[in-house]
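Q: Each residue of the sequence shown is one higher than the one before, counting from -17 in my numbering.
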Amino acid sequence: MAGAETIEFRHEFVRETFGLLRKRLRNFALGMSAVWVLVRAIEWIDRISEGIAEQFQWLTFVGLALSDLLMAGVLAWSIYVGLDRGSSRNMALYTSLGLISFFSIHLVISNYWLDPYTAPLLVFGAVHVLASINHPWTGGQATIPLLVFLVARGVYVFSDGVGEVWSDVLGIAMSSLVALPGILYSSVRHEWRQHRFGYRALSNRYGVLRNELASARRIHEALFPEPLTEGEIRVTYRYEPMRHIGGDYLHLTRVAHGDAAGSVSLVLVDVTGHGIPAALTVNRLHGEVELLYADDPSIPPGKVLKHLNRYVNLTLAKHSVYATALCLRCSPKNHTVEIANGGHPPVFLHSVDGTLDEISSTAFMLGACRDDEFDPGTRVLPFHPGDKIIAYTDGVTEARAPDGRMMRIEGFRSLIATTKCPQGMLPELLLSAIAEHRGGAPTDDDTLVVEIHRMLRMAEPVEPQSPGSSLDGVLATGITRSAD
-17 MAGAETIEFR
-7 HEFVRETFGL
3 LRKRLRNFAL
13 GMSAVWVLVR
23 AIEWIDRISE
33 GIAEQFQWLT
43 FVGLALSDLL
53 MAGVLAWSIY
63 VGLDRGSSRN
73 MALYTSLGLI
83 SFFSIHLVIS
93 NYWLDPYTAP
103 LLVFGAVHVL
113 ASINHPWTGG
123 QATIPLLVFL
133 VARGVYVFSD
143 GVGEVWSDVL
153 GIAMSSLVAL
163 PGILYSSVRH
173 EWRQHRFGYR
183 ALSNRYGVLR
193 NELASARRIH
203 EALFPEPLTE
213 GEIRVTYRYE
223 PMRHIGGDYL
233 HLTRVAHGDA
243 AGSVSLVLVD
253 VTGHGIPAAL
263 TVNRLHGEVE
273 LLYADDPSIP
283 PGKVLKHLNR
293 YVNLTLAKHS
303 VYATALCLRC
313 SPKNHTVEIA
323 NGGHPPVFLH
333 SVDGTLDEIS
343 STAFMLGACR
353 DDEFDPGTRV
363 LPFHPGDKII
373 AYTDGVTEAR
383 APDGRMMRIE
393 GFRSLIATTK
403 CPQGMLPELL
413 LSAIAEHRGG
423 APTDDDTLVV
433 EIHRMLRMAE
443 PVEPQSPGSS
453 LDGVLATGIT
463 RSAD
């Protein structure tokens, strides 16, 4: 994956460099053409006006004219490549290097009517520095025109047969110093461009990633059900992922018809890990849970837990991905709650009389054992009007205070026992208390708190016993615990 990202980064950097090179090649070639035409025109006019051309050997004269024509052709080609949006990346690079390289040869041949040794050196140095500043070359690429110039200059110097060989060699070697500023500048700027491009690419990638995560969070949260705010069994919850998306998941099903009408089933899953990998796992488990309840809305919690264990064991455990799960079903008709807990933190049953019971795990975490070894160990407990169940994920009990103290189960139990609030407000108040325990620091784990509350039901209207009864036309509406 890292290799793919490196290749993608290099591809984007090369593409940006090509666009910059093509545009700057065009501008540089246009500017150089204007200066070159002006200088060569002045030189030819000066030679002709002074009659110098008559003193030339015709071969030399033709050579100079041919050199000028070739130089003009190279400049024209460079302008064309700079203007052609369809030109390849290598074409633009080779043309920019070829322009300066051929100019160095042309410079040695023409000498620009100045000192044949000093003038070409100074002019080449100036043009090379300007070209290095203009073109986005690397240090190695900026060295190529210098090598061509040194070869051309060496041929010119040694061809006249004048001077000492070693002194000429030393002079040619020292000539390379004129291109040193351009080479150093190209090398430093290339490194700077790479770092700047990398920072910009990471910033852009981070922005794209944040947008994608925001979209992923909306999709992930769409998996969560709407709170149940009607009926005898009501469910509210609050979810706080560690990152944009996380590995906690909640499913709710209310049975509308049949013998189990009015019962509510809940599945709470906590996948190992955080972030995108955990969210992808949740997405897979969501499909399994939805399928189970679509086939049988009144499916027992133990059967759901056993099926999820089999699925995780066969498909996810081989990738070292596991999960804990809580499956329960509240039945107002039977005044019971069935609980199957696969390695999940204990559930609290808060009775209307103030009793707070802790219901521990009844089975292994999902995926830890094979299907034939897994026993959901379902428990059936009384669940009367006014009772409530508080379920949560381990992000609650593992919340750390600034001094390192964890909330733990005992601390959360104490919070539940001391928090008094209207029905439906408990998850929000508990999360606020946990955030206060953390000292306002971001959560270290995905955190989910769920409250399942059985409402105190209103008694049925009492029909008058006789026409003269004092209760005639009056409805008795006292609150009872329901003794169905």
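For glycine and all other residues, C-beta sits at the position ideal for the given N, C-alpha and C. For clarity, every value in this text was computed on a predicted model and none was experimentally measured.
Cα-Cα, which of Leu205, Gly386, Leu162, Thr318 is closest to Gln123?
A: For Gln123, the nearest C-alpha among the options comes from Leu162.
Q: Hey, how far is the Cα of Glu340 from the Cα of Val190?
A: So the alpha carbons of these two residues sit roughly 45 Å apart.
Q: Could you have a look at Leu298 and say whether DSSP puts it in helix, strand or coil?
A: In this structure, Leu298 counts as coil in the three-state DSSP scheme.
Q: Where Gly325 and Pro279 are concerned, what is the direct C-alpha to C-alpha distance, given to the nearest angstrom?
A: Going by the C-alpha atoms only, they are around 24 Å apart.
Q: How many whole angstroms separate the CB atoms of Pro404 and Glu433, which I take to be in contact at a CB cut-off of 8 Å?
A: Actually they are not in contact, since the Cβ atoms of Pro404 and Glu433 sit about 11 Å apart, beyond 8 Å.
Q: Hey, out of Ser313, Asn186, Ile227, Ala134, whose CA is closest to Glu203's CA?
A: Considering only alpha carbons, the answer is Ile227.
Q: Taking the alpha carbon of Leu234 as the point to measure from, which residue in Ala260, Cys309, Val170 has its own alpha carbon closest?
A: Nearest option by C-alpha distance: Cys309.
Q: Span of the alpha helix (DSSP H) holding Glu418?
A: Per DSSP, Glu418 belongs to the alpha helix (DSSP H) from 408 to 419.
Q: Can you check the region 98 to 142 for any alpha helix (DSSP H) of at least 4 residues that lies completely inside it and give the ranges in chain order?
A: For the region 98 to 142, whole alpha helix (DSSP H) runs of length 4 or above, ordered along the chain, are 100 to 116, 121 to 141.
Q: Exposed or buried, Gly180, counting other C-beta atoms within 10 Å across all chains shown (16 or more means buried)?
A: Gly180 should be labelled exposed.
Q: Determine the burial state of Arg253: buried for a count of at least 16 other Cβ atoms within 10 Å of its Cβ, exposed for fewer.
A: The residue asked about is misnamed: residue 253 is Val in this sequence, not Arg. The residue is buried, with at least 16 neighbouring Cβ atoms inside 10 Å.
Q: What is the C-beta distance between Leu290 and Leu248, in whole angstroms, given that I count them as a contact (C-beta under 8 Å)?
A: With a Cβ gap of about 13 Å, Leu290 and Leu248 do not count as contacting.
Q: So what does DSSP say about Val303, is it helix, strand or coil?
A: If DSSP states are grouped into helix, strand and coil, Val303 belongs with coil.
Q: Please look up how many angstroms separate the CB atoms of Leu331 and Asp369, rounded, as I've assumed it's under 8 Å.
A: The pair is a contact, with the Cβ atoms about 7 Å apart (cut-off 8 Å).
Q: Taking C-alpha atoms, which residue in Gly55, Glu(-6), Ile82, Ser302 lies nearest to Val130?
A: Nearest of Gly55, Glu(-6), Ile82, Ser302 to Val130, Cα basis: Ile82.
Q: With DSSP as the reference, please indicate the residues paired to Val362 in a beta bridge.
A: BP columns for Val362 point to Glu320.
Q: Could you give the distance in angstroms between the alpha-carbon of Ile391 and the alpha-carbon of Val246?
A: Distance between the alpha carbons of Ile391 and Val246: 26 Å.
Q: Roughly how many angstroms lie between the CA atoms of Ile154 and Val105, to the nearest whole one?
A: Spanning the two alpha carbons is a distance of roughly 15 Å.
Q: Taking buried to mean at least 16 other C-beta atoms within 10 Å of its own C-beta, is Ile215 buried or exposed?
A: Per the 10 Å Cβ criterion, buried.
Q: Could you tell me the distance, in whole angstroms, from the CA atom of Asp230 to the CA atom of Arg352?
A: So the alpha carbons of these two residues sit roughly 23 Å apart.
Q: Can you name the residues that DSSP bridges to Leu430?
A: For Leu430, which the question treats as bridged, DSSP gives the partners Tyr221.
Q: Got a sec? Which residues, its chain only, sit under 8 Å from Thr344 by beta carbon, not counting five neighbours each side?
A: Taken in chain order, the residues that qualify are Ile321, Ala322, Asn323, Gly324, Pro358, Gly359, Thr360, Arg361.
Q: Since Met53 and Phe85 are thought to touch, with beta carbons under 8 Å apart, how far apart are those beta carbons, to the nearest angstrom?
A: Their Cβ separation, rounded to whole angstroms, is 7 Å, which keeps Met53 and Phe85 in contact under 8 Å.
Q: Let me know the secondary structure DSSP gives His233 once reduced to three states.
A: Residue state, collapsed to three classes: strand.
Q: Can you check which of these residues, Arg387, Met224, His268, Thr318, is closest to Thr429 by C-alpha distance?
A: It is Met224.
Q: Considering just the uninterrupted stretch of the alpha helix (DSSP H) at Ala238, what are its terminal residues?
A: Taken as a continuous stretch (DSSP letters only), Ala238 belongs to no alpha helix (DSSP H), as it is neither H nor E.
Q: Taking 6 Å as the limit between beta carbons, can you name the residues of its chain near Gly107, skipping five residues before and five after?
A: Contacts found: Val160.
Q: Let me check understanding here. Comparing Cα to Cα, which of Ser313, Ala276, Gly164 lies closest to Leu213?
A: For the record, residue 213 in the displayed sequence is Gly; it is not Leu. Comparing Cα-Cα distances from Gly213 to each of Ser313, Ala276, Gly164, the minimum goes to Ser313.
Q: In this structure, how does DSSP classify Glu(-10) when only helix, strand and coil are distinguished?
A: Three-state DSSP puts Glu(-10) in a helix.
Q: Assuming Leu48 and Ser15 are in contact, meaning their beta carbons sit under 8 Å apart, how far apart are those beta carbons, in whole angstroms?
A: The Cβ separation is near 18 Å, so there is no contact.
Q: Find the nearest neighbour of Ser302 within the set Leu267, Leu338, Gly255, judged by alpha-carbon distance.
A: Selected option, being the one with the closest Cα: Gly255.
Q: Using CA coordinates, which residue listed in Ser414, Ile371, His366 is at the minimum distance from Val378?
A: Checked all of Ser414, Ile371, His366; the closest Cα to Val378 is Ser414.
Q: Going by the CB atoms, is the gap between Ala305 and Val319 shorter than 7 Å?
A: For Val319 and Ala305, no; Cβs fall outside 7 Å.
Q: Report yes if the CB atom of Lys288 is closer than 7 Å to the CB atom of Phe356, and no otherwise.
A: Against a cut-off of 7 Å, the Cβ pair of Phe356 and Lys288 comes out as a contact.
Q: Give me, in chain order, the residues of the same chain whose beta-carbon lies closer than 6 Å to that of Ile398; leave out the 5 immediate sequence neighbours on both sides.
A: Excluding positions up to five away in sequence, the list reads Phe330, Ile372.
Q: Report, in whole angstroms, the separation of the C-beta atoms of Ile61 and Leu3, which I expect to be a contact under 8 Å.
A: With a Cβ gap of about 14 Å, Ile61 and Leu3 do not count as contacting.
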